[in-house]
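*Asks:*
2 protein chains.
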Amino acid sequence: MHKRNYPLSKVYGLLEPGPVVMLSTVRKGRANVMTMSWQTMMEFEPPLVGCVIGDRNYSFATLKATKECVINIPTAEIAEKVVRCGNSSGRDVDKFEVFGLTAVASKCVAAPRVGECYASLECKVVDTRMVAKYGFFVLEVVKAWVDRAAKEPRTLHHRGNGVFMVAGETIKLASRMK
Amino acid sequence: MHKRNYPLSKVYGLLEPGPVVMLSTVRKGRANVMTMSWQTMMEFEPPLVGCVIGDRNYSFATLKATKECVINIPTAEIAEKVVRCGNSSGRDVDKFEVFGLTAVASKCVAAPRVGECYASLECKVVDTRMVAKYGFFVLEVVKAWVDRAAKEPRTLHHRGNGVFMVAGETIKLASRMK
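Sequence order for the protein chains is U and D.
Each residue of the first sequence is one higher than the one before, starting from 1 at the first, in this note's numbering.
Each residue of the second sequence is one higher than the one before, starting from 179 at the first, in this note's numbering.
(1) From the DSSP output, which residues share a beta bridge with residue 325(D)?
(2) Could you tell me whether any Cβ in chain U is nearer than 9 Å to the Cβ of residue 316(D)?
(3) What did DSSP end up calling residue 352(D) once you bin it into helix, strand or coil?
(4) Shortest alpha-carbon distance to residue 352(D) belongs to which of 167(U), 174(U), 158(U)?
(5) Given a cut-off of 9 Å, decide if residue 262(D) and residue 236(D) are closer than it, judged by their beta-carbon atoms.
(6) Since residue 35(U) is in the beta strand (DSSP E), which residue starts that stretch and which ends it?
(7) Check each residue of the stretch 103 to 136 of chain U: if its Cβ is closer than 9 Å to any Cβ of chain D, include it; give the result in chain order.
(8) Under 8 Å between beta-carbons, which chain U residues line up against residue 219(D)? List them in chain order, please.
(9) State yes or no: is the beta carbon of residue 326(D) nearer than 9 Å to at least one beta carbon in chain U?
(10) I need the boundaries of the alpha helix (DSSP H) containing residue 229(D), first residue and last residue.
(11) Check the Cβ-Cβ distances between residue 349(D) and every residue of chain U, and say whether any is below 9 Å.
(12) Got a sec? Which residues, its chain only, sit under 7 Å from residue 217(D) by beta carbon, not counting five neighbours each side?
(13) Tell me which residues share the same chain as residue 223(D) and place their Cβ nearer than 7 Å to its Cβ, disregarding the 5 neighbours each side in the sequence.
(14) Against chain D, with Cβ distances strictly below 9 Å, would residue 48(U) count as a contact?
(15) What does residue 234(D) reach in chain U if we use C-beta pairs closer than 9 Å?
(16) Just tell me which of 117(U), 35(U), 150(U) has its CA closest to the CA of residue 88(U).
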């Protein structure tokens, strides 16, 4: 995959469809990645993303301490790896190594990108007011990478308990909505 | 469609895939409905949903004042109505009447459900701390209705500018994730 810089103004279109994402972090040289579905866009530009991470997740403390992460968007081709990342903890295993994921250096944050994902959004935490109560972090996307060859990516959408809907056909309607 | 009561513990599975939703409200006898994509689950049970509504939307002031709404989930069959609701304002038109939507009485809130949607979640606003800054409301789902015949609903997922991905095939992987 050849990933290129992607305009921040178009980032909302990647997350608005609601794909499962892989959140990568690093702390003291130890990279980790978790599977996540509880996120939403909050602003177009600069792109803000709100996400919920339970405090039992190993990534929770890392994100709180480092205030940096990458949101990576996988497709059905690596569904197995996505589920494995969701079923294990960075406390016990080096998920990049065990699941054969490639840690690619980011440009604006220390956390690595996941090479196997078609899109990666480098993020910084900008608001932690709702972290204590809900585990809700507000992130600003500071740099975006996308594989431009992926026009209709077969993203994963979790219905619960390991059941995923895979992105289907695309339709276009006349709309003034952004 | 025959919609029945749906367990609150299973509500997350309806919103986690990231569908476009229709948010209905009512104030002083005037019902309205808006199209929305910026929402996320925040808690399993009781189900909490966070959603972003811009303050220029007619529904913003109504939701802030009444603290009640219904999140309705449409499918591709009514894509045209979904887009029309997104391209017009309740300030100018009665969307239920003009777009041929059926307002069905809710059980726990004054806002009506949208009869043409396969699922409806009656909600109350429980946290407004982030409304001023981000238009971010935290809602608690207090009652859920689903058409049980809709096993693999063809939900809509907005990529931006009127381009929608329609829910495709379902895959199941062995997972311990909820």
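Glycine is no exception: its CB is placed at the ideal position from the N, C-alpha and C atoms.
*Replies:* Quick answer:
(1) Within the second sequence, numbered from 1, the residue matching residue 325(D) stands at position 147. According to DSSP, residue 325(D) bridges with 181(D).
(2) Position 138 of the second sequence, counting from 1, holds the residue named residue 316(D). It does; some Cβ of chain U falls within 9 Å.
(3) Within the second sequence, the letter at position 174 stands for residue 352(D). Secondary structure at residue 352(D): coil, using DSSP grouped into helix, strand and coil.
(4) Within the second sequence, the letter at position 174 stands for residue 352(D). Among 167(U), 174(U), 158(U), the Cα nearest to that of residue 352(D) belongs to 158(U).
(5) What you label residue 236(D) is simply residue 58 of the second sequence in a count that begins at 1. What you label residue 262(D) is simply residue 84 of the second sequence in a count that begins at 1. The Cβ atoms of residue 236(D) and residue 262(D) lie no closer than 9 Å to each other.
(6) Within the first sequence, numbered from 1, the residue matching residue 35(U) stands at position 35. Taken as a continuous stretch (DSSP letters only), the beta strand (DSSP E) holding residue 35(U) covers 30 to 36.
(7) So the close ones are 127, 129, 130, 133, 134, 135, 136.
(8) Start at 1 with the first residue of the second sequence, and residue 219(D) comes out as number 41. For residue 219(D), the chain U residues whose Cβ falls inside 8 Å of its Cβ are 37, 38, 52, in order along the chain.
(9) Taking the first residue of the second sequence as position 1, residue 326(D) is located at position 148. Judged by the 9 Å Cβ criterion, residue 326(D) is not in contact with chain U.
(10) Position 51 of the second sequence, counted from the first residue, corresponds to residue 229(D). For residue 229(D), there is no enclosing alpha helix (DSSP H); the enclosing beta strand (DSSP E) has its first and last residue at 226 to 230.
(11) As a working note, residue 349(D) is residue 171 in the second sequence. Cβ-Cβ to chain U under 9 Å: yes for residue 349(D).
(12) Reading the second sequence from its first residue, position 39 is the one you call residue 217(D). Excluding residues up to 5 positions away in sequence, 193, 199, 227, 228, 229 lie with their Cβ nearer than 7 Å to the Cβ of residue 217(D) in the same chain.
(13) For this step, residue 223(D) is matched to residue 45 along the second sequence. Answer for residue 223(D): 186, 187, listed in chain order.
(14) As a position in the first sequence, residue 48(U) is number 48, starting the count at 1. For residue 48(U), the nearest CB of chain D lies under 9 Å from its own CB, placing it at the interface with that chain.
(15) Translated into positions along the second sequence, residue 234(D) becomes position 56. Here the premise fails: no neighbours, minimum Cβ distance about 12 Å.
(16) On the first sequence, position 88 is the one that residue 88(U) refers to. Restricting attention to 117(U), 35(U), 150(U), the CA atom closest to the CA of residue 88(U) is found in 35(U).
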